Amino acid sequence: MKIFSAVIIAVILTGCSSEQVSFDGKVYTHQTDSNSQVVGFDDGKIYFTWDDDLGKESFTTGYRIEQMDDSTFKIILDNPNPYMQGVEWVIISKDGESFYSKDSGKKYSLKKQDGQ
Numbered sequence: 001m002k003i004f005s006a007v008i009i010a011v012i013l014t015g016c017s018s019e020q021v022s023f024d025g026k027v028y029t030h031q032t033d034s035n036s037q038v039v040g041f042d043d044g045k046i047y048f049t050w051d052d053d054l055g056k057e058s059f060t061t062g063y064r065i066e067q068m069d070d071s072t073f074k075i076i077l078d079n080p081n082p083y084m085q086g087v088e089w090v091i092i093s094k095d096g097e098s099f100y101s102k103d104s105g106k107k108y109s110l111k112k113q114d115g116q
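Mapping of the sequence shown onto my numbering: position 79 corresponds to residue 79, and the numbering continues sequentially without gaps.
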């Protein structure tokens, strides 16, 4: 009976948890009239690029992601980003095709590869 109960609990837990959105290997952009921000995730590194009226800047560091609920993710940077406050960035994504920054409300959309 204990084994049966353990199997039932495992099945329930597996069924209740949604599939985690994968950001690895993807590049997202936030574009306004003359400003762009690019965020890329690849092999344990996160890449930020800003291109605005003040010039072009970039920053790279390691990161990890903690899933807070079905659509909210906390990105924890290994090193502080000089253009953000702190080392945590909370984003909201339901499909992996786009996400919103919880603090700023900016929408970042998946950058399509050439030919897509």
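We treat Cβ as the ideally placed atom computed from N, Cα and C, and that holds for glycine. Please read these numbers as outputs of a predicted model, since none were measured by experiment.
- Query: What separation, rounded to the nearest whole angstrom, lies between the Cα atoms of N79 and T60?
  - Reply: 9 Å
- Cβ-based burial, I76 [other Cβ within 10 Å; buried from 16]: exposed
- May I have the straight-line CA-CA distance separating I92 from E57, to the nearest angstrom? 25 Å
- Item | Within 8 Å, strictly: CB atoms of V27 and G44 | no
- Query: Would Y83 be called buried (16 or more neighbouring beta carbons within 10 Å of its own) or exposed?
  - Reply: exposed
- Message: If you follow the beta strand (DSSP E) that Q113 is in, where does it begin and where does it stop?
- Response: Run containing Q113: none; DSSP gives neither H nor E here.
- Message: Out of E66, Y47, I46, D33, which one is the CA nearest neighbour of D53?
- Response: D33
- I46: which of D103, N81, Q67, Q31 sits nearest, CA to CA? N81
- Item | DSSP beta-bridge partners of Q31 | S36
- Have a look at L110 and G86 and give me their C-alpha separation to the nearest angstrom. 25 Å
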